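A.B. asks: So in my numbering, the last one in the sequence shown is 247, and the numbering has no gaps at all.
Every residue, glycine too, gets a C-beta built ideally from N, C-alpha and C.
Note that the coordinates shown come from a computational prediction; the quantities given were computed from them, not determined experimentally.
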Amino acid sequence: MVDIHAMAVMKKAGSIKIKWWAVASRLAGLGMLCAIWISCSREPLFMQAPGHQEERLQTVSTGDVNFTVYPGAFHSLKFVIPPDHKDANLKGHFTVVTGGAEGIKAFLLNDEDYANWQKGDTTYRYYDSGSVRQAYLDVPLLAWSAGTYYLVFDNQSQATTPKTITANLNLTYSTTWWKGKK
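The following block contains the structure:
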């Protein structure tokens, strides 16, 4: 004899399994549709609100400067590039206006190389003019080159007279700026 109550429980359990399976398959289908929509969308999933940050060009200028470099001595100009910079560049020109026919050597060193050069060590130079009476320089400094730099004017030659130099140099770099930042 078949128990009527047992058959009713089995029927109910079977319909519950079918309902859960239907719900699970619908959720999986919805998930697949979302994945397809996201992968086909041309816009990024998260966007930055426009106008909240911008690139700002910064310029540090020496202006027109004049200085004298005595025989056996050097003169340096210091430039500092901040850690959050992009696209740094040192541009400008210099001229030997007095001091005989010989030129002067100009070269650009970072902080560590500047200290080592003063001890007499061989160093890496980002720029080296050689012995010249005038020069235009355009030295790009890469994004990882944050720090302190020195443009050195070296009168270590055989000259016996001081050299007067006139120079005008500009260090430019971009920084990210956010509204509300001071």
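I need the boundaries of the alpha helix (DSSP H) containing Ala211, first residue and last residue.
C.D. replies: Unbroken run through Ala211: none, as it is neither H nor E.
A.B. asks: For the beta strand (DSSP E) that contains Ala138, what are its first and last residues?
C.D. replies: Start and end: 138-146.
A.B. asks: Quick check: Ala211 and Pro148, are their CB atoms within less than 7 angstroms of each other?
C.D. replies: Result yes, Cβ atoms of Ala211 and Pro148 sit closer than 7 angstroms.
A.B. asks: Report the rounded CA-to-CA distance for Leu142 versus Gly195, giving the unit in angstroms.
C.D. replies: If you take the alpha carbons of Leu142 and Gly195, they lie about 17 angstroms apart.
A.B. asks: Keeping to the same chain, check which residues put their C-beta closer than 7 angstroms to that of Tyr179; ignore five residues upstream and five downstream.
C.D. replies: Hits under 7 angstroms: Tyr215.
A.B. asks: For the alpha helix (DSSP H) containing Asp152, list its first residue and its last residue.
C.D. replies: Per DSSP, Asp152 belongs to no alpha helix (DSSP H); it is in the beta strand (DSSP E), 150-163.
A.B. asks: So Arg190 and Phe218 are in contact, right, with Cβ under 8 angstroms, and what is the actual spacing, rounded?
C.D. replies: Actually they do not touch by this definition, with Cβ atoms about 13 angstroms apart.
A.B. asks: Hey, out of Pro136, Leu155, Val134, His150, whose CA is closest to Phe144's CA?
C.D. replies: The residue with the shortest Cα to Cα distance from Phe144 is Leu155.
A.B. asks: Can you tell me which of the three DSSP states Glu120 falls into?
C.D. replies: Note: Glu120 maps to strand in three-state DSSP.
A.B. asks: Is the beta carbon of Thr160 sitting closer than 7 angstroms to the one on Thr231?
C.D. replies: For Thr160 and Thr231, yes; Cβs fall inside 7 angstroms.
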